[in-house]
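Q: Below you will find the structure I want to go over with you.
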Amino acid sequence: MFKIKEITLTRLEGRVGSDCFEPVTVTTFDEAKHILRNWGLTAPEFGYDKVRVEITFEDGFVYMDRYDLKRNDDGDLRKHIWEVCLINSGQLKPEYLTDEEYEDYLKNIRCKDWRRFLDRYEI
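Just so it is clear: in the sequence shown, position 51 is 1059 by the numbering used here, and no numbers are missing.
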């Protein structure tokens, strides 16, 4: 399995005048959790702020995602990515979707690619 080389977080929304709009690069999910928790202190009470996530692995592959940062967020990026991968690989139906809606959703997803990602990369 390929390990993570770096995680870059870029807060795309938030309070004006904040210095947290510059990209921050860390090397572990624990460090990312710390950053996201701190940013979550200034996230909106209702709704969320968008955060761009770029994870570079040892082989050069870059996983890109968006993290929806909520007030007092737990910052568990690893859990977020794991759930995204399980949902998109057809292994976890979100509670907010019916069986039929999930089946329709999966018709537009390349489930085997998500399963391959889970097999090749350490999350």
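Glycine included, each C-beta is placed from N, C-alpha and C at the ideal position.
Treat the numbers as computed from the prediction; the structure is a model and nothing was measured.
Thinking Arg1060 and Leu1085 are a contact (beta carbons under 8 angstroms), I'd like their distance in whole angstroms, please.
A: Wrong, their Cβ atoms sit about 12 angstroms apart, outside the cutoff.
Q: How would you call His1088, buried or exposed, if buried means at least 16 neighbouring beta carbons within 10 angstroms?
A: So His1088 ends up on the buried side.
Q: At a Cβ threshold of 8 angstroms, is Asn1080 touching chain B?
A: Note that chain B does not occur in the displayed structure, where there is just one protein chain.
Q: Going along the chain, which residues of its own chain have a beta-carbon closer than 6 angstroms to the beta-carbon of Asp1057, five neighbours each way excluded?
A: If we look at Asp1057 and ignore the five residues flanking it on each side, its Cβ neighbours are Glu1021, Gly1022, Ala1051, Leu1077.
Q: How is the alpha helix (DSSP H) around Tyr1075 delimited, first residue to last?
A: From DSSP, Tyr1075 is part of no alpha helix (DSSP H) but of the beta strand (DSSP E) over 1070–1077.
Q: Looking at the secondary structure, which residues open and close the alpha helix (DSSP H) in which Lys1101 lies?
A: Lys1101 -> no alpha helix (DSSP H), and no H or E assigned at all.
Q: Per the contact definition of three or more C-beta pairs closer than 8 angstroms, is the stretch 1031–1045 in contact with the stretch 1065–1072?
A: No, the stretch 1065–1072 is not in contact with the stretch 1031–1045.
Q: For Ile1043, which three-state DSSP category applies?
A: Correct three-state label for Ile1043: helix.
Q: For Asp1081, count neighbouring C-beta atoms within 10 Å of its own C-beta (all shown protein chains included) and say buried if the count is 16 or more, exposed if not.
A: By the 10 Å Cβ count, Asp1081 comes out buried.
Q: Tell me which same chain residues have a C-beta within less than 6 angstroms of the C-beta of Gly1083, skipping the five on either side of it?
A: Result list for Gly1083: Lys1041, Leu1044, Arg1045, in chain order.
Q: Run the CB neighbour count on Leu1105, radius 10 Å, all protein chains shown included, and call it buried at 16 or more, exposed below.
A: Exposed is the call here.
Q: Does DSSP put Leu1105 in a helix, in a strand, or in coil?
A: Coil at Leu1105, not helix or strand.
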